[in-house]
Every structure is written in C-alpha cells, then in structure tokens.
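Accompanying notes for the structure given below.
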Amino acid sequence: MNKTILAAASILFVVSCKEQVKQNPDSEIEITTKEKVENTVAVPESWINNRVRKAEERLATSEAGKVVWAAMKAHGGLDTWYTNGPLGMRFKYQPLDGKTPRDSYEVVDVWNNRVVHNSIENPDAKFGFTGKEAWIKAEDSTAFNYDVKFWALTPLYLMGHPFVEDGEGVNLELLPDTTYKGKKNKVVKVTYDPGTGDAPDDYYILHFDAETYLLTATRYIVSYPEYFKDGGHNPEKFMEVGELVNVNGVLLPSELKTHWTVNGKPGEYITKIEISEMGFKSGLPSNFFDAPDGAEKL
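Quick note: the sequence shown uses full-length UniProt numbering, first residue 1, plus one each step.
Quick look at the structure:
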C-alpha cells in the first residue's frame, strides 16, 4: 500500500522564472521562484502545470483513465490538490476486533510522498518518511505499537483517491459497471508495475458514482512483504467512503468504514476510520520533512 517512489523522482528541477515586486516607483526588488522554493516546501506553479498536463494526456489514452480524470475534476482538480501544498490531518484508525489502534496527526507532502506523524497522546513521539527513508523518534518504545514504515504513507493511500493515481507505474483497467447503494457506479481497478513502491502487488478497485464521478467505495488488498514473507496478501477489504468535506476546494472523506468483501459487496464491518482536522499547510520550511536529530533510521 505504501507507494513511496511514485513521486519521489519528480523534484529535481532548475527554476528560472522570476516575479517583480515593486516597493516604490524608484526601486524594484526581484524575488526569484528559486529563492522561495529553497526556503519552503512550496512547488512552483510551472511544475504543477506541467505535471497536471502530463497526467491529463496520459489518462486520456484509456477509458479507465478518462473515468479517473473525471473523478479528479469532480473532487476539486489535480491542480488544486497540488497547488494547496502539504495536507495536515488527524487519522484515527480503530479496528473493531481488538487489534492495535493507530491515532496520529500527520502532515503529508502529496507532491513528493513525504510525511511526518505525531502521536496524539504524546506529540513529541513522531515518525515519518523523507522520500527516501523511514525514521522514528520516540523515547517510549511503546508509543507506536505497529510497523511505522508500512504505516507512514498508508493513510494517504486509503483516503487520497483518486489523486494518488497520478504517478509512474500505475495501471488502470475499466471493469463492468456495478450498483452500489442503489446507484450505478463506474469501476476502475488500479495495479502497479513490478518494483513500484514497497508492495507492488497491492491493488485497489475504485467505485465512482456514474453521475457525479465522486468516489463512493474502495476495495483493496494488502500485500506488504514484511507481513507476507512467502508472498500472497490478506483477503480483500471493502471500504465505504463517508461524508466528503470541502478542504480548500478539494473534496476529501471525513470517515471510512472497512468491511471484508463478500461477493463484491461489504460484509462484516471491521474497522472505523475517522479523519479530522484536515487542512493544507502552505509555507512549511524546506527541512520540515527531514528526519530530526536523534531519529532512528528504519
């Protein structure tokens, strides 16, 4: 589920465009985009425009891609998703079978697939992913009783559809329409090229309302090799998408309900996920997603 390399290769560019800021009629101060980007995690508009244009061209080559592009537009647009900057949110994952809950406030760089999580109970305990390596910093060894390397980007890949389908190594297949909650749904299966991320055998099956193109449900498997050392994956899950909320022009889910899949439909309800305190973070310092001093590299 952790597709750590989908966007990591897109950050090496040279910036030459400039903006003019007039202080008075007799003097001008020239501020380059390069200077702004060096001091913050902001991404130049030209980079965003180029990436969005390429995504639209790529998705337009298949019927499945056209559905995903329409869904991106319905959810606010890929350009808005990237222009807003890193996304902050509290992601509260609550298994109903007594397994380990996961509750953290995270800030995720949706452009470069970097993230920092802070524990809700102890904000000084944190973990993250720099785009190249995972890390953890916590005095209490029990602060995170789960695989933080696996979990670092997992919330993004649970709640960030359809935007996370913009990336290299992503394959889309249009499946037959289905009916979900009495409404016709378009269905797209997402798979990954070998070597894409930590679990390239993962797949997602996305359900979109056929009229609005809003995401209604996601079916998926987990094939993370550390969990399945001999290959294979867990049984397919069916995740209902709850209320969509407008976060600075982007429609994102505030709740997800996970079930075991039974004949393509939701079966036993197994996990409740609450997503709150969502907001995009502009102006973060350029080193925000670096591993902090004293962090353990994973």
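Think of the CB as a built atom: it goes at the ideal place given N, C-alpha and C, for glycine as much as any other residue.
All of these numbers come straight from a predicted model, not from anything done at the bench.
Taking residue 70 as the centre and dropping the five residues before and after it, the same chain places the C-beta of 213 closer than 6 Å to its C-beta, in chain order.
For the pair residue 56 and residue 294, the Cα-to-Cα distance works out to about 42 Å. Going by C-alpha positions, residue 113 is about 33 Å away from residue 179. In the DSSP annotation of this structure, the continuous segment of the alpha helix (DSSP H) that includes residue 154 starts and ends at 154-159. Of the candidates 84, 202 and 177, the residue whose Cα lies closest to the Cα of residue 211 is 177.
Its chain contains 119, 138 and 143 as the residues whose beta carbon lies nearer than 6 Å to that of residue 125, once the 5 sequence neighbours on both sides are disregarded; these appear in chain order. Out of 151, 168 and 215, the CA that lies nearest to the CA of residue 72 is found in 215. Across the set 245, 192, 246 and 243, the C-alpha of 192 shows the shortest separation from the C-alpha of residue 220.
As a beta-bridge residue in DSSP terms, residue 260 pairs with 237. Note that the segment 245-265 does not touch the segment 40-56; fewer than 3 beta-carbon pairs, one per stretch, sit closer than 8 Å.
The residue from 136, 146, 236 and 244 with its alpha-carbon nearest to that of residue 258 is 236. Selection 161, 269, 217 and 266 evaluated against residue 76 yields 161 as nearest (Cα-Cα). Inter-residue distance for residue 67 and residue 169 is about 18 Å (C-alpha atoms, whole angstroms). Restricting attention to beta strand (DSSP E) runs no shorter than 3 residues, the segment 95-151 encloses them at 102-109, 114-119, 126-129 and 134-137, ordered along the chain. Per the C-alpha coordinates, the member of 297, 255, 262 and 298 positioned closest to residue 271 is 255. For the alpha helix (DSSP H) assignment, the uninterrupted runs of no fewer than 4 residues enclosed by the segment 29-85 are, from N- to C-terminal side, 33-39, 45-59, 63-74 and 78-83. With at least 16 other beta carbons inside 10 angstroms of its own, residue 172 counts as buried. Here the alpha carbon of residue 79 sits roughly 18 Å from the alpha carbon of residue 157.
The beta carbons of residue 110 and residue 163 sit closer together than 9 Å. At a Cβ-Cβ threshold of 9 Å, residue 115 and residue 82 do not count as neighbours. Rounded to the nearest whole angstrom, the CA to CA distance from residue 98 to residue 47 is 45 Å. When C-alpha distances from residue 152 are compared across 262, 105, 269 and 260, the shortest belongs to 105. For residue 279, the enclosing beta strand (DSSP E) begins and ends at 265-280. Nearest to residue 45 by C-alpha distance, out of 74, 58 and 84, is 84. Residue pairing for residue 212: DSSP places it in no beta bridge.
Residue nearest to residue 86 within the set 274, 185, 276 and 280 is 280 (criterion: CA-CA distance).
With contacts defined by Cβ atoms closer than 9 Å, residue 91 and residue 159 form a contacting pair. Looking at the DSSP output, residue 251 sits in a beta bridge with 246.
The beta carbons of residue 189 and residue 205 sit about 5 Å from each other, so the pair counts as a contact at 8 Å.
Taken through DSSP and simplified to helix, strand or coil, residue 173 comes out as strand.
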